[in-house]
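Q: Protein chains in written order, with the numbering used here: chain V, 2 to 111; chain X, 2 to 115.
#1: Quick one: any contact between the region 23-40 of chain X and the region 67-81 of chain V, if contact means 3 or more CB pairs under 8 Å?
#2: May I have the straight-line CA-CA distance separating residue 105 of chain X from residue 10 of chain X, to the nearest angstrom?
#3: Quick check on DSSP: helix, strand or coil for residue 18 of chain V?
#4: Residues of chain X with CB under 7 Å from residue 34 of chain V, in chain order?
#5: With a threshold of 9 Å between beta carbons, is residue 53 of chain V in contact with chain C?
#6: Any beta-carbon of chain V closer than 9 Å to the one on residue 42 of chain X?
#7: Are residue 83 of chain V and residue 109 of chain V touching if we call contact CB-CB under 9 Å?
#8: On the three-state DSSP scale, how would you describe residue 67 of chain V?
#9: Please list the residues of the region 78-93 of chain X that have a C-beta atom closer than 9 Å to any C-beta atom in chain V, keeping them in chain order.
#10: Could you tell me the distance, in whole angstroms, from the CA atom of residue 111 of chain V to the CA atom of residue 15 of chain V?
#11: To which residues does DSSP link residue 38 of chain V through a beta bridge?
#12: Taking the continuous beta strand (DSSP E) assigned at residue 98 of chain X, which residues delimit it?
#13: Look at the alpha carbon of residue 22 of chain V and the alpha carbon of residue 105 of chain V, and state the distance between them as a whole number of angstroms.
#14: Are at least three pairs of beta-carbons, each pair with one atom in the region 80-89 of chain X and one in the region 28-38 of chain V, less than 8 Å apart?
#15: Output, in chain order, the set of chain X residues within a Cβ distance shorter than 7 Å of residue 46 of chain V.
#16: Does residue 45 of chain X have its Cβ less than 9 Å from a Cβ in chain V?
#17: Taking the beta strand (DSSP E) that residue 61 of chain X falls in, what are its first and last residues?
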């Protein structure tokens, strides 16, 4: 099956810093989403981005489908950004078993 | 409903007992997923329902696991003869399935098998 790798596995930053999280995948995809799992375990959908670039406030994401990677940018980090960030990919439109990466654990220090 | 609802939020059971977990997807969402997340790990796909199509059961780890969905509404995940390695958070997600591919998760059921 498709392989999804995320890097770095862990990231510790001071409040106000910027960060870039990476998701590499092993096959062509037609679905890619980024999620934030907060410290209480709730998963929040950040972006649906199978290709191109999107922005939402301090967060933005870019997927280069032809090169099989996606990047999530977080600017001016806040402590509420702490948690685990997952990317998930799907390859069969209409019957999508989304495969999740192993996640990046982000810790923002005040 | 406003979001994906799962019940119970916590379930403690004894090894060998059967458990049933429930998921109410967002109203109108045709696609429904079950995932499992062990402590400190990523999400493991279990099963996927899309409308009236046959479900994709390829992620179910053993025949002790089964799931049903009534039409495009409630789904139940049943684990028979629970084992300690079944302890995990079981997460349900739904999406509209009409061109909007964003997936929305419930808060999960924390299952502890003693």
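Glycine residues also receive a C-beta, built at the ideal position from the N, C-alpha and C atoms.
Owing to the predicted nature of the structure, the values given are computational and were not obtained by experimental measurement.
A: According to the data block:
#1: Between the region 23-40 of chain X and the region 67-81 of chain V there are fewer than three C-beta pairs closer than 8 Å, too few to call the two in contact.
#2: Position 104 of the second chain, counted from the start, is the residue given in the question as residue 105 of chain X. Position 9 of the second chain, counted from the start, is the residue given in the question as residue 10 of chain X. Between residue 105 of chain X and residue 10 of chain X, the C-alpha separation is close to 17 Å.
#3: Stepping through the first chain from its first residue, residue 18 of chain V is reached at position 17. DSSP, reduced to helix, strand and coil, places residue 18 of chain V outside both helices and strands of the structure shown, so it counts as coil.
#4: Residue mapping note: residue 34 of chain V aligns to position 33 of the first chain, counting from 1. 103 and 104, listed in chain order.
#5: Going by chain labels, chain C is absent from the structure shown, which instead holds the protein chains V and X.
#6: Position 41 of the second chain holds residue 42 of chain X. Cβ-Cβ to chain V under 9 Å: yes for residue 42 of chain X.
#7: On the first chain, residue 83 of chain V is found 82 positions in, with the first residue counted as 1. On the first chain, residue 109 of chain V is found 108 positions in, with the first residue counted as 1. In this structure, residue 109 of chain V lies closer than 9 Å to residue 83 of chain V by Cβ.
#8: Translated into the one-based positions of the first chain, residue 67 of chain V becomes position 66. Note: residue 67 of chain V maps to helix in three-state DSSP.
#9: Of all residues in the region 78-93 of chain X, only 90 and 92 come within less than 9 Å of chain V when Cβ atoms are compared, listed by chain position.
#10: Counting from one through the first chain, the residue named residue 111 of chain V turns up at place 110. Counting from one through the first chain, the residue named residue 15 of chain V turns up at place 14. Spanning the two alpha carbons is a distance of roughly 6 Å.
#11: Position 37 of the first chain, counted from the first residue, corresponds to residue 38 of chain V. Looking at the DSSP assignment, residue 38 of chain V forms a beta bridge with V:44 and V:85.
#12: For the purposes of this step, residue 98 of chain X is taken as residue 97 along the second chain, with counting starting at 1. Per DSSP, residue 98 of chain X lies in no beta strand (DSSP E) and is assigned neither H nor E.
#13: Sequence index remark: in the first chain, residue 22 of chain V carries index 21 (1-based). Sequence index remark: in the first chain, residue 105 of chain V carries index 104 (1-based). For residue 22 of chain V and residue 105 of chain V, the distance between alpha carbons rounds to 7 Å.
#14: The region 80-89 of chain X is not in contact with the region 28-38 of chain V.
#15: Working through the first chain from its first residue, we reach residue 46 of chain V at position 45. Correct list: 103, 104 and 105.
#16: For the purposes of this step, residue 45 of chain X is taken as the residue at position 44 of the second chain. It does; some Cβ of chain V falls within 9 Å.
#17: Here residue 61 of chain X corresponds to residue number 60 of the second chain, with the count starting at 1. Counting along the chain, residue 61 of chain X falls outside any beta strand (DSSP E), and DSSP gives it neither H nor E.
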